[in-house]
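**Q** Per my numbering: the sequence shown = residues 109 to 386. Backbone N, C-alpha and C fix where the C-beta goes; we use that ideal spot for every residue, glycine too. I have a structure I would like to understand better, so I am pasting it below and will then ask my questions one at a time.
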Amino acid sequence: MNTMGLRPKFSVAMGVGLLAGLAATLLLCEHELEQNARRDVIRQARLVLDAAETARRDTMDQHQSRSLVMPTPLLPPSEPSFAAYEAVERVRRRHAEFHYTEAVANPVQPGGPDADWEHALIDRFRLQAQLHELVTEAAGGTLLVLARAVRTGGAFQSDGAADGTTRGAGELASVQIVSVPAIVAARQADAVFWPLALKLAGLFIAVFVVLERLYACFVGRPLRELAEISTRVSLGDFDQPEFSDASADDIALLGHAFNRMRRSVTLALRLLTPEPSA
């Protein structure tokens, strides 16, 4: 490093600083983009869940209205969770990565048996009666999950369940769950991150080039000029013009100090040189 010139040292120091800044910027951008992608996926999952909840509520209202006129057996197409599942299936034609299920022991539920993490969600909603919606991860972080509790509003046959069970007011009836592979959010973030990374890298390279040119113009060129004058004067060529710089920066101050020293040395040499005899 000690054998390097001033400009290479400046370039190395500036390059290291810019690379560190670029790395820190990219890390912050990556984190923020991942969080934004997760929020966007959860927002879409909430739309899917809202569609399921609307279909579920409408089916329940229709069934209760028919029951007031004529008691009828609850068939799967008129069962609320079945209707919710069918509504989500229509949405999944456009968003196939979203999976809907209703975590409750229900023989006519199309979603099939619950996974272990779904049972854990049910237990959490049972223990926290005030909890209505939950965003979490499951399956070792490979799934993003949006869960919403379905609680009873009064004593009634639970969601038209075939088992005939009645539940008290506010009791957990089921948990509606929309799960999305975490890779979906990661892909969305990557789709934005890499073009942004290339643009930032190009910007930092442009900054490096501009700083290099500024250094050459305001530091390198004046220093080389001053060094050339100093070398020639030290070899006895006192006819060299003085260093000229009209600015007031550090290089100009150094040049003015050199000019004063040169005049002092020239005067001293003249005093020490004997006058030729007549």
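#1: Under the assumption that L390 contacts E245 (Cβ atoms under 8 Å), give the Cβ distance between them as a whole number of angstroms.
#2: If I follow the unbroken alpha helix (DSSP H) through Q296, where does it start and stop?
#3: If you drop the 5 nearest sequence neighbours on each side, which residues of the same chain put their C-beta closer than 7 Å to that of M122?
#4: Three or more C-beta pairs under 8 Å: does that hold for the segment 280-293 against the segment 140-154?
#5: Could you tell me the alpha carbon to alpha carbon distance between L134 and T374, rounded to whole angstroms?
#6: Since L252 is in the beta strand (DSSP E), which residue starts that stretch and which ends it?
#7: Take L304 as the anchor and find which of T111, L130 and L114 has the nearest alpha-carbon.
#8: Can you give the Cα-Cα distance for R329 and T381, rounded to whole angstroms?
#9: What do you reckon, are the CB atoms on R234 and L280 nearer than 9 Å?
#10: Quick check on E205: does DSSP put it in helix, strand or coil?
#11: According to DSSP, is E350 helix, strand or coil?
#12: Buried or exposed: R340, going by 16 or more other Cβ atoms within 10 Å of its Cβ?
#13: For the ligand PLP, any of its heavy atoms closer than 8 Å to the Cβ of P116?
#14: According to DSSP, what are the bridge partners of T244?
#15: What does DSSP give as the partner residue(s) for Q284 in the beta ladder?
#16: Could you spell out where the alpha helix (DSSP H) holding V373 opens and where it closes?
#17: By how many angstroms is the C-alpha of S355 removed from the C-alpha of S119?
#18: Among residues of its own chain, excluding the 5 on either side of L362, which ones have a beta-carbon nearer than 8 Å to its beta-carbon?
#19: Can A284 and Y208 be called in contact, C-beta distance under 9 Å?
#20: Can you give me the start and stop residues for the alpha helix (DSSP H) that F233 sits inside?
#21: State buried or exposed for L157, treating a residue as buried only when at least 16 other CB atoms are found within 10 Å of its CB.
#22: Closer than 9 Å, CB to CB, is L375 near chain C or not?
#23: Between P349 and I359, is the Cβ-Cβ spacing less than 9 Å?
#24: If you draw a straight line from the alpha carbon of D224 to that of F301, how long is it in whole angstroms?
**A** Looking at the coordinates:
#1: What the structure shows of the chain is the stretch from 109 to 386, and residue 390 is not part of that stretch, so it cannot be assessed.
#2: A290 to Y323
#3: F316 and L319
#4: yes
#5: 58 Å
#6: L251 to R259
#7: L130
#8: 35 Å
#9: yes
#10: coil
#11: coil
#12: exposed
#13: No copy of the ligand PLP occurs in the structure displayed, which carries no ligand at all.
#14: V253
#15: E210 and R256
#16: D358 to L380
#17: 24 Å
#18: L334
#19: Just to set this straight, residue 284 is Gln in the shown sequence, not Ala. Yes, the Cβ-Cβ distance between Q284 and Y208 is below 9 Å.
#20: D224 to L235
#21: buried
#22: Absent here is chain C; the protein component of the structure consists of one chain.
#23: no
#24: 34 Å
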